[in-house]
Structure formats: C-alpha cells, structure tokens
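Okay, so here's the structure we're looking at.
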Amino acid sequence: VFGRSYGRSLARDQRMPQLANMTVLEALDAGEEPRVIWNVLCDQMEIPDSKRWGRDHNAPPLPAA
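Position one of the sequence shown corresponds to residue 3 (my numbering), numbered consecutively onward.
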C-alpha cells in the first residue's frame with residue numbers, strides 16, 4: 003500500500019494518537035497486535051478497507067478482547 007521506502011518512514015516517524023501517540027515501531031515493541039496497528043495506521047492515512055489487505059484477500063479477524 004505505502005511502498006517500501008515510504009512504509010519504513012511511516013513506521014519510524016508517523017505518530018498514532020489512537021495508540022498513545024506511539025509510532026508503528028514503538029507500538030510493536032510495546033506488544034500491540036500488528037493487525038490493530040495496521041488498521042489504526044490505515045484509518046489515520048485514510049486507506050480504504052479494499053486496499054488494506056490486497057484485492058484477493060479479506061481482512062484477518064481481529065484478536066479476541
């Protein structure tokens with residue numbers, strides 16, 4: 003979705019207010035579920051659901067609370 007270079011930049015630099023203002027890398031280090039991080043980042047960047055997982059894939063289920 004974001005491409006290799008831009009994706010690395012986002013993972014390192016983009017703060018996500020919905021996840022305590024952490025970056026992707028910080029959220030992963032804190033143990034946050036990757037699919038939750040991905041959805042928060044995509045929501046923030048206004049990526050539609052249809053583009054988040056690829057054209058031939060459905061979104062994986064969210065982890066049980």
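Here a beta-carbon is modelled for each residue, glycine too, at the ideal position from N, C-alpha and C.
Cross-strand partners of residue i (DSSP beta bridge)
i	result
residue 24	18
Unbroken alpha helix (DSSP H) run spanning residue i, endpoints
i	result
residue 50	Careful: residue 50 lies outside any alpha helix (DSSP H) and carries neither H nor E.
Same chain only: Cβ atoms within 8 angstroms of residue i, ignoring 5 sequence neighbours per side
i	result
residue 18	24, 25, 26, 29, 39, 42, 43, 46
Nonlocal neighbours in the same chain, by C-beta distance under 7 angstroms from residue i, ignoring five residues either side
i	result
residue 4	12
residue 49	3
residue 53	3
residue 32	24
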